[in-house]
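Asker: Chains as they are written, first to last, in our numbering: chain E, 15 to 254; chain B, 15 to 254; chain V, 15 to 254; chain P, 15 to 254.
Cβ atoms here follow ideal geometry from the backbone N, Cα and C, with glycine treated the same way.
Got a structure for you, written out below as structure tokens; questions coming shortly.
Protein chains: 4
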Amino acid sequence: MTDGYADIREAAANASQAIAEAGLVLLAFGNASAVDRSRGVFAIKPSGIPCATVRPEQCVVVAIEDGAIVAGELRPSSDEPTHRLLYQRLPGVGGVVHTHSAYATGWAQAGRAIPCLGTTHADHFRGEVPVTRALTDAEIDSDYEWNTGLVIAELYGAGGLDPHEAPGVLVRSHGPFVWGDDAAEAAVHAEAVETLARMASITLAVDPAVAPLGGRLTTRHFDRKHGANAYYGQRTEVRG
Amino acid sequence: MTDGYADIREAAANASQAIAEAGLVLLAFGNASAVDRSRGVFAIKPSGIPCATVRPEQCVVVAIEDGAIVAGELRPSSDEPTHRLLYQRLPGVGGVVHTHSAYATGWAQAGRAIPCLGTTHADHFRGEVPVTRALTDAEIDSDYEWNTGLVIAELYGAGGLDPHEAPGVLVRSHGPFVWGDDAAEAAVHAEAVETLARMASITLAVDPAVAPLGGRLTTRHFDRKHGANAYYGQRTEVRG
Amino acid sequence: MTDGYADIREAAANASQAIAEAGLVLLAFGNASAVDRSRGVFAIKPSGIPCATVRPEQCVVVAIEDGAIVAGELRPSSDEPTHRLLYQRLPGVGGVVHTHSAYATGWAQAGRAIPCLGTTHADHFRGEVPVTRALTDAEIDSDYEWNTGLVIAELYGAGGLDPHEAPGVLVRSHGPFVWGDDAAEAAVHAEAVETLARMASITLAVDPAVAPLGGRLTTRHFDRKHGANAYYGQRTEVRG
Amino acid sequence: MTDGYADIREAAANASQAIAEAGLVLLAFGNASAVDRSRGVFAIKPSGIPCATVRPEQCVVVAIEDGAIVAGELRPSSDEPTHRLLYQRLPGVGGVVHTHSAYATGWAQAGRAIPCLGTTHADHFRGEVPVTRALTDAEIDSDYEWNTGLVIAELYGAGGLDPHEAPGVLVRSHGPFVWGDDAAEAAVHAEAVETLARMASITLAVDPAVAPLGGRLTTRHFDRKHGANAYYGQRTEVRG
Numbered sequence: 015m016t017d018g019y020a021d022i023r024e025a026a027a028n029a030s031q032a033i034a035e036a037g038l039v040l041l042a043f044g045n046a047s048a049v050d051r052s053r054g055v056f057a058i059k060p061s062g063i064p065c066a067t068v069r070p071e072q073c074v075v076v077a078i079e080d081g082a083i084v085a086g087e088l089r090p091s092s093d094e095p096t097h098r099l100l101y102q103r104l105p106g107v108g109g110v111v112h113t114h115s116a117y118a119t120g121w122a123q124a125g126r127a128i129p130c131l132g133t134t135h136a137d138h139f140r141g142e143v144p145v146t147r148a149l150t151d152a153e154i155d156s157d158y159e160w161n162t163g164l165v166i167a168e169l170y171g172a173g174g175l176d177p178h179e180a181p182g183v184l185v186r187s188h189g190p191f192v193w194g195d196d197a198a199e200a201a202v203h204a205e206a207v208e209t210l211a212r213m214a215s216i217t218l219a220v221d222p223a224v225a226p227l228g229g230r231l232t233t234r235h236f237d238r239k240h241g242a243n244a245y246y247g248q249r250t251e252v253r254g
Numbered sequence: 015m016t017d018g019y020a021d022i023r024e025a026a027a028n029a030s031q032a033i034a035e036a037g038l039v040l041l042a043f044g045n046a047s048a049v050d051r052s053r054g055v056f057a058i059k060p061s062g063i064p065c066a067t068v069r070p071e072q073c074v075v076v077a078i079e080d081g082a083i084v085a086g087e088l089r090p091s092s093d094e095p096t097h098r099l100l101y102q103r104l105p106g107v108g109g110v111v112h113t114h115s116a117y118a119t120g121w122a123q124a125g126r127a128i129p130c131l132g133t134t135h136a137d138h139f140r141g142e143v144p145v146t147r148a149l150t151d152a153e154i155d156s157d158y159e160w161n162t163g164l165v166i167a168e169l170y171g172a173g174g175l176d177p178h179e180a181p182g183v184l185v186r187s188h189g190p191f192v193w194g195d196d197a198a199e200a201a202v203h204a205e206a207v208e209t210l211a212r213m214a215s216i217t218l219a220v221d222p223a224v225a226p227l228g229g230r231l232t233t234r235h236f237d238r239k240h241g242a243n244a245y246y247g248q249r250t251e252v253r254g
Numbered sequence: 015m016t017d018g019y020a021d022i023r024e025a026a027a028n029a030s031q032a033i034a035e036a037g038l039v040l041l042a043f044g045n046a047s048a049v050d051r052s053r054g055v056f057a058i059k060p061s062g063i064p065c066a067t068v069r070p071e072q073c074v075v076v077a078i079e080d081g082a083i084v085a086g087e088l089r090p091s092s093d094e095p096t097h098r099l100l101y102q103r104l105p106g107v108g109g110v111v112h113t114h115s116a117y118a119t120g121w122a123q124a125g126r127a128i129p130c131l132g133t134t135h136a137d138h139f140r141g142e143v144p145v146t147r148a149l150t151d152a153e154i155d156s157d158y159e160w161n162t163g164l165v166i167a168e169l170y171g172a173g174g175l176d177p178h179e180a181p182g183v184l185v186r187s188h189g190p191f192v193w194g195d196d197a198a199e200a201a202v203h204a205e206a207v208e209t210l211a212r213m214a215s216i217t218l219a220v221d222p223a224v225a226p227l228g229g230r231l232t233t234r235h236f237d238r239k240h241g242a243n244a245y246y247g248q249r250t251e252v253r254g
Numbered sequence: 015m016t017d018g019y020a021d022i023r024e025a026a027a028n029a030s031q032a033i034a035e036a037g038l039v040l041l042a043f044g045n046a047s048a049v050d051r052s053r054g055v056f057a058i059k060p061s062g063i064p065c066a067t068v069r070p071e072q073c074v075v076v077a078i079e080d081g082a083i084v085a086g087e088l089r090p091s092s093d094e095p096t097h098r099l100l101y102q103r104l105p106g107v108g109g110v111v112h113t114h115s116a117y118a119t120g121w122a123q124a125g126r127a128i129p130c131l132g133t134t135h136a137d138h139f140r141g142e143v144p145v146t147r148a149l150t151d152a153e154i155d156s157d158y159e160w161n162t163g164l165v166i167a168e169l170y171g172a173g174g175l176d177p178h179e180a181p182g183v184l185v186r187s188h189g190p191f192v193w194g195d196d197a198a199e200a201a202v203h204a205e206a207v208e209t210l211a212r213m214a215s216i217t218l219a220v221d222p223a224v225a226p227l228g229g230r231l232t233t234r235h236f237d238r239k240h241g242a243n244a245y246y247g248q249r250t251e252v253r254g
């Protein structure tokens, strides 16, 4: 592959494999993509190829603007229009992952946002993992996958959310779409969403009336790992 | 094996192994069969042999019409009459799988059909995973396994269901019987039924009053993968 | 080992390993024993040695009558008196297994017998998995492990149960003690009790008011695998 | 490493790996430390390095008194001040482990102590696994990790608990901090807390109104494994 798409194809394939290894891919549901904004394209897993074994050269390169296939022999994931819309509308998103992981999908089926109940959650999301509105009949009947992206995107920007602070959503009755600065981070966030959903289920069973975490502790944990004052890991010279 | 049954014996053994690898075989419960309608026979796992290690030549070849053993040294699965009845009554079924996988069995014990709560479900079943009626005392006391097949089959055809659109049922107080175009697909559907049961349990815990998915979205997803307008995978030239 | 205890020591070690491999041994809790009634002794896992790695020659040989150590360098499991009492009181028991497997222990902590809710259960127990009464303060303060055996044994014989039809119990607030014709079968029954407890938990969450299985179906399934008319497996010439 | 810290660095690394192997490390959350009280220092996992692969020489050696880094190239875990405070305030603690294991975290998010419901629990804790009070806004805004240690420590000593009898707590809305005589025991206790939380969740689902274990049985089991009259394992000559 000397066409210059090797990086994003490898990133898409690696993220696909990462979600399979993390146990997030049930019944072959799952796909990942990685964007190259400077060239206006993203690479996405092909349809029907298992996440665990997809190879970089199988990933399909698609134009962000119109979905034209720029490179690749196979058909892209049937969810390609959802990924494309997210790259169009959500600034700063470098990779997108979709799974039907069990707990996140269970919450999506209940049509309920995952409340921020603890610091595990606040380390990844500044607030709840949101859930989209139901699609209208017209949105289901035509351009379904594109409209799935639309109901996600309308929560952001004017919708009130910041894609960096809520790096994923539950698509109602469907499952999670999750992103990150790159595809590798998107895969980590997909694992986080599944973990947060599972922990929230455990907590609800212990106390069905549990209240969400206060804003102070949410902020403390989110900012411990994100932004200028982060002090987790070996990335900066600052020490907490 | 030059008797011409090698294909269905291999298919039955492979499907038996597939359900074991998928974690659906608890306590040695599980069996699979594959049919050759042109010859009027099916191959089925022998009784008491572990799914994980069954070999094709151990599978027993049985006549669809009367259960006569056509080939094989061992006794067939004790559920052989249930498989046989399904091949007799359900057109288009190429393979049958039975498990006692934990969540599907849990729902079967509750005597409750698994409602279609999301797109994961709608991708596999056009509507709920049905549950059979209770057997009468007479049906239990005589020809029990045959009658187990009868209460499944009476849900289909005149009973209202299409075996292609509801490729499996929960036998009340027992567990899932599942099928497909061939034994390999039956094994995939067995994994799907277990996954759908588990996701439904997670959803019920979050919202005990959750409503089933609307027909529009169910149809959209089922038809995305099945029938003339399917556009998932690499199987057709159509692109969604 | 030319002392004639090699068989029961190997059986005890194998059953210990089997429960570890089946995921029933949490936090190092678990032990197994095997009896040789002709010699009046049983071999039991030593205390504090992991089930997964115990070797036959480490197993301690104990007299059924008085608990005297007949062979072995190590101290027997602290639950040895419970095993001993079961060999004294329950005819036909060839091996005993104790675990703290998660679901069975969860039900034991709730002090609730596991109702027979389906055929998976009826294939192993003719009726519920019983739970013992609470021990009195005096029974706790002195000869605790012996008294644990007493409250199990009082459920059998004059207590109404048959050790072959109910091959294990939940010791209230503690966990399962399970047996079989030999130690290998005891280990299988321990896995069955854990599976039945888990399935019952899944069923209760779907329908908290579920009724137990009728006696007719319970009998049908129990007798399909046990006794003179059994027709499961390759063990007899009878065919169902 | 000829600086004399090899022992505690190895203990901290081994305990970090142990919690990873036990499945307690979700989303990279987890850290462990080991103390050398004679030298006034402890070794702790560095921040952002995975538990599963951390090497002894990567562990950071910190002064108990003031948190000064005595040895090590990397930044210590961001939770270092919590560990340090526990070494200052809790006598006899030789190692500390922190995880976000799923069930323990689920209970911490519910703000509910894990009641002692059975002998599995009583073998590790003489009574409930306590939960800390909520931090005040001021405690969150400044010296957050140090204050996390403070709300733990205030439960002990004058707070009523003995660190040997309750070798770990749930930090409210956060997750478990657990300790032991050394780091290896702390890791075992971390696995125990997760197991006890999971078993308690299973029990609550079977009987939401279950009562805690009586003191007599709690005492019996705790003392069977701890203190002068312990008779479990091969450690003493006493036999139960």
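1. Please go through the region 88–121 of chain P and give each complete alpha helix (DSSP H) segment of 4 or more residues, from N-terminal end onward.
2. Can you tell me which of E:Val220, E:Asp221, E:Gly189, E:Asn28 puts its alpha carbon nearest to the alpha carbon of isoleucine 58 of chain E?
3. By the 7 Å beta-carbon criterion, what residues does the region 207–218 of chain E contribute toward chain P?
4. Can you determine whether any heavy atom of the ligand SAM sits closer than 7 Å to the C-beta of alanine 32 of chain E, and answer yes or no?
5. Nearest CA to the CA of alanine 244 of chain P: which residue from P:His97, P:Trp160, P:Asp137?
6. Expressed to the nearest angstrom, what Euclidean distance is found between the alpha-carbon atoms of alanine 116 of chain V and glutamine 102 of chain P?
7. Give the straight-line distance between the Cα atoms of arginine 253 of chain E and valine 183 of chain P, rounded to the nearest whole angstrom.
8. Output needed in chain order: residues of the region 71–101 of chain E with a Cβ under 7 Å from some Cβ in chain B.
9. Identify which residue in E:Val111, E:Gly132, E:Val49, E:Arg238 has its Cα closest to the Cα of serine 156 of chain P.
10. Among the residues of its own chain, which have a CB less than 7 Å from the CB of isoleucine 33 of chain E, if the five just before and after it don't count?
11. Which class does glycine 171 of chain E belong to by DSSP, given the choice of helix, strand or coil?
12. Looking at chain E, which residues of the region 29–51 of chain P have a Cβ within less than 7 Å of any of its Cβ atoms?
13. Terminal residues of the continuous beta strand (DSSP E) containing leucine 184 of chain V?
14. To the nearest angstrom, how far is it from the Cα of aspartate 17 of chain B to the Cα of glycine 109 of chain B?
15. How far does the beta strand (DSSP E) with glycine 125 of chain B in it extend, from its first residue to its last?
16. Does threonine 113 of chain P have its Cβ less than 8 Å from a Cβ in chain V?
17. Could you tell me which of E:Tyr170, E:Thr134, E:Gly120, E:Trp121 sits nearest to threonine 233 of chain E, measuring between CA atoms?
18. Compile a chain-ordered list of the residues in the region 116–133 of chain V whose CB is closer than 7 Å to at least one CB of chain P.
19. Could you check what DSSP says for arginine 57 of chain B in three-state terms: helix, strand or coil?
20. Would the region 143–161 of chain V count as touching the region 116–132 of chain V if we require 3 or more Cβ pairs under 8 Å?
21. Taking only beta-carbon positions, decide if glutamate 24 of chain V is within less than 8 Å of chain B.
22. Output the boundary residues of the alpha helix (DSSP H) element that contains valine 145 of chain B.
23. Ignore the nearest five residues each way along the sequence and tell me which others in valine 207 of chain V's own chain have a CB closer than 7 Å to its CB.
24. Provide the residue span of the alpha helix (DSSP H) that contains valine 220 of chain E, from first to last.
25. On the premise that serine 30 of chain E lies in contact with serine 61 of chain E, defined as a C-beta separation below 8 Å, what is that separation, rounded to the nearest angstrom?
26. Taking the alpha-carbon of glutamate 24 of chain E as reference, which of E:Leu88, E:Tyr158, E:Gln72 has the nearest alpha-carbon?
27. Apart from the five residues just before and just after valine 55 of chain E, which ones in its own chain have a Cβ nearer than 6 Å to its Cβ?
28. Taking 8 Å as the cut-off, does the region 220–227 of chain B touch the region 161–170 of chain B (at least 3 CB pairs, one atom from each stretch)?
29. Counting only beta-carbon separations shorter than 8 Å, does glycine 254 of chain E have a partner in chain P?
30. Closest to alanine 152 of chain P by CA distance: which of E:Leu231, E:Tyr19, E:His240 is it?
31. Is any beta-carbon of chain P found at less than 8 Å from that of alanine 242 of chain E?
32. Please classify proline 105 of chain E as buried or exposed, where buried requires at least 16 other C-beta atoms within 10 Å of its C-beta.
33. Any Cβ of chain B within less than 8 Å of the Cβ of proline 190 of chain E?
34. In terms of residue numbering, what span does the alpha helix (DSSP H) encompassing glycine 18 of chain B cover?
35. With a CB to CB cut of under 6 Å and the five nearest residues on each side skipped, what residues in its chain are close to glutamate 179 of chain V?
36. Taking the continuous beta strand (DSSP E) assigned at alanine 50 of chain E, which residues delimit it?
Answerer: So, to answer that:
1. 94–103
2. E:Asn28
3. Thr209, Arg212, Met213, Ile216, Thr217
4. No copy of the ligand SAM occurs in the structure displayed, which carries no ligand at all.
5. P:Asp137
6. 36 Å
7. Here the model assigns arginine 253 of chain E a pLDDT of 35, short of 50, so the residue's position is not dependable, and the following value carries that caveat. Rounded to whole angstroms, arginine 253 of chain E to valine 183 of chain P spans 26 Å at the Cα level.
8. Leu88, Arg89, Ser92
9. E:Arg238
10. Val39, Gly44, Ala46, Cys65, Val111, Thr113, Ala201, Ala204
11. helix
12. Leu40, Leu41, Phe43
13. 182–185
14. 20 Å
15. Counting along the chain, glycine 125 of chain B falls outside any beta strand (DSSP E), and DSSP gives it neither H nor E.
16. no
17. E:Thr134
18. Ala116, Tyr117, Thr119, Gly120, Trp121, Ala122, Gln123, Ala124, Arg126
19. The residue you asked about is not arginine; residue 57 of chain B is alanine in the sequence shown. In this structure, alanine 57 of chain B counts as strand in the three-state DSSP scheme.
20. yes
21. no
22. First-last for valine 145 of chain B: undefined, no H or E at that position.
23. Ala118, Val143, Gly182, Pro190, Val192
24. 197–220
25. Not quite, the Cβ-Cβ distance comes to about 12 Å (not below 8 Å), so this is no contact.
26. E:Gln72
27. Val75, Ala77, Val84
28. no
29. At glycine 254 of chain E, the pLDDT of 31 sits below 50, so the modelled position is not reliable; the number obtained from the coordinates is stated separately. Yes - at least one Cβ of chain P is within 8 Å of the one on glycine 254 of chain E.
30. E:Leu231
31. no
32. exposed
33. no
34. From DSSP, glycine 18 of chain B is part of no alpha helix (DSSP H); its letter is neither H nor E.
35. Arg140
36. First, the residue type needs correcting, since residue 50 of chain E is aspartate and not alanine in the sequence shown. From DSSP, the beta strand (DSSP E) with aspartate 50 of chain E extends over 44–50.
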